[in-house]
Amino acid sequence: MAAKLNLDKLDLQIIQAMMENAEISYAELGKQLFVSGGTIHVRIKKMQEFGIVKGTRLNVDLKLLGYDITAFVGIYLEKSSLYDAVAKELMKIPQIIRLNYITGNYSMFIEVVCKDITQLRFVLHDELQKIKGIERTETFISLEEGFNRIVPVAPEH
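Anchor point for the sequence shown: position 151 equals 147 in my numbering, and the numbering is continuous, going up by one each time.
What follows is the structure in structure tokens.
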């Protein structure tokens, strides 16, 4: 059984602050939380070792980079035991940025970003339909992202 890291209030505050602004320096974050930058560094390293912190990513406006289409696709599998094989094939399609294995009407739900409707059509018709195990799909095109928030993990003051 894998060891589990017990997170304390400081760990949660570090996570919350870094989720809000991953560019903050350890020294600046230490000042805000009344600890040294070295303490922040040690805590982050420990959380990385336990897989709690998986890395950092740059948050960009995809529309400004020319990705005008965001779609969500519900995928029906022929049988649920095909999930791993289908997920492996979906991973090869670069326009798919998120995959969830879900309950309900669909077996899987993916988020797809494309430069235009022609590229989306290619992904749906030429890429998804050739994957063995996918019975059928249903596509939903996003008209607007209302908001995208981080999960509050730090205790309230």
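Just so it is clear, CB atoms sit at the ideal spot from N, CA and C, and this is done for glycine as well.
- If one requires a minimum length of 3 residues, the beta strand (DSSP E) runs lying completely within the segment 113 to 141 are 130 to 137, in chain order.
- Within the DSSP bridge table, the entry for F68 names E107, F136 as partners.
- Of all C-beta pairs linking the segment 65 to 72 to the segment 123 to 137, three or more are shorter than 8 Å, placing the two stretches in contact.
- Setting aside the 5 residues that flank it on each side, E107 is surrounded in the same chain by F68, I93, R94, each with a C-beta closer than 6 Å to its C-beta; the list follows chain order.
- Annotated three-state conformation of L1 is coil, per DSSP.
- The beta carbons of Q9 and L29 sit about 6 Å from each other, so the pair counts as a contact at 8 Å.
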